[in-house]
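So our numbering is basically just the index in the sequence shown, starting at one, shifted up by 14. Cβ coordinates follow ideal geometry from the N, Cα and C atoms, glycine included. No experiment lies behind these values; they were computed from the predicted model shown. Read through the structure below, which is laid out as structure tokens, and then see the notes.
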Amino acid sequence: MKIITQPDEIQSWTMQRRCAGERLALVPTMGFFHEGHLALMRWAREHADALLVSLFVNPTQFGPREDLKLYPRDPERDARLAEETGVDVLFMPEAEAMFPEGYATWVEAPSLCRGLCAVQRPTHFRGVATVVAKLFVLTNPALAVFGEKDWQQLAVIRRITRDLHLPVEIHGRPTVRESDGLAMSSRNVNLGPEERAQAPAIHRGLLYVARLVGEGEADATLLLAALGEIYAREIPLGHVEYMAVVDPDQLYPVEEVTGPVLVAVAVRFANARLIDNILISRK
Ligand code: PAF
């Protein structure tokens, strides 16, 4: 596995491979790999001739009071896991190389950033969209793979890719979960033992809402009230930042479930903010 840190070097490496007719896959990450990342890499490996993984804790997607410093890092372990998983190139740029002094260009999709995570993290998706667009320019992939846990992020990336005619296929892959249902996240290591014991209720609550919809409940207000009760009872150490029933593509709030909806939540613990979601199609 090759490790590249310089933007111009990754650009010429990928250009050569594309010119040789190879189909490149990109898995953008912020590192501290878990099984969720590795599943994305394995899937990407099967659908491309060469696999690139970027490992960059992007400062522009963290707000001034957010957890950039707390974000867990272990680049050596990540490099080892990436190599074992069949990654061809690990791109690990420094922040100054990606966002040098005087950097001034941003990519945004504001219509998808009015609700959900954007309420508490107003500049987050601008940072994500910008870094992902830059990674696409630098690595010129035929396909890029993202996890569905970050559903709003995936919707923003799909939209900027479409609107800017970026020549890359975007693939979303299912959330990988611990055996107790907790969505895998690099931030889970920042949970205390009691918080970790309560956190699986995030997913259990979402499954309960899916069951209610399956039984015929269509009123989003009632569904969210039921979810709120579960969270109040089972996650006393977590503060529910939002719970929402939204259209899965446009992300606007839905009052009555008549077709597919996404139920999305964010729960804040002392040192970790966790998100999760479930896609429900009305039978
Ligand atoms: O999902 C992530 O890890 C990040 O938001 C991403 C897509 C790598 C952009 O920094």
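With residue 242 and residue 254 assumed to form a contact (beta carbons below 8 Å), what rounded beta-carbon distance in angstroms separates them? 7 Å
When you measure from the CB of residue 75 to every non-hydrogen atom of the ligand PAF, does any distance come out below 7 Å? Residue 75: yes, Cβ under 7 Å from the ligand PAF.
Is residue 204 near the ligand PAF, judged by its Cβ being under 7 Å from some heavy atom? Not under cutoff, so the answer is no.
Beta-carbon within less than 6 Å of residue 275's beta-carbon, same chain only, minus the 5 sequence neighbours each way: which residues are those? Excluding sequence neighbours, residue 275 sits near 259, 268 and 294.
Using 8 Å as the threshold, is the C-beta distance between residue 92 and residue 15 below it? no
Three-state secondary structure assigned by DSSP to residue 279: Three-state result, residue 279: strand.
Apart from the five residues on each side of it in sequence, which residues of its chain come closer than 7 Å, Cβ to Cβ, to residue 251? The answer, listed in chain order, is 208, 209, 212 and 283.
Neighbourhood of residue 48 by C-beta distance below 6 Å, restricted to the same chain and skipping five residues each side: 198
Helix, strand or coil, according to DSSP, for residue 239 in the structure here? Residue 239 falls in the helix class under three-state DSSP.
Neighbouring residues (CB closer than 6 Å to any heavy atom of the ligand PAF): 42, 43, 44, 72, 75, 142, 145, 146, 164 and 167
Just mark residue 179 as buried or exposed, buried being the case when its beta carbon has 16 or more other beta carbons within 10 Å. exposed
Less than 8 Å between the C-beta atoms of residue 158 and residue 40, yes or no? Yes, the Cβ-Cβ distance between residue 158 and residue 40 is below 8 Å.
How is residue 189 classed by DSSP in three states: helix, strand or coil? coil
Run of the alpha helix (DSSP H) containing residue 263, from where it starts to where it stops: From DSSP, residue 263 is part of no alpha helix (DSSP H); its letter is neither H nor E.
With 16 other CB atoms within 10 Å as the buried threshold, where does residue 285 fall? It is exposed - the Cβ of residue 285 has fewer than 16 other Cβ atoms within 10 Å.
In the DSSP assignment, find the unbroken alpha helix (DSSP H) run with residue 219 in it and report its ends. 215-228
Of the listed residues 247, 88, 77 and 83, nearest to residue 133 (C-alpha basis): 77
Cβ-based neighbour list, residue 271, same chain, cut-off 6 Å, excluding 5 preceding and 5 following: Here the set comprises 227, 232 and 296.
Mind the definition here: the segment 105-115 touches the segment 62-75 only if three or more C-beta pairs lie below 8 Å; say whether that holds. yes
So, using beta-carbon positions, are residue 28 and residue 108 closer together than 8 Å? no
Around the C-beta of residue 281, are 16 or more other C-beta atoms found within 10 angstroms, so that it is buried, or is it exposed? Result: buried.
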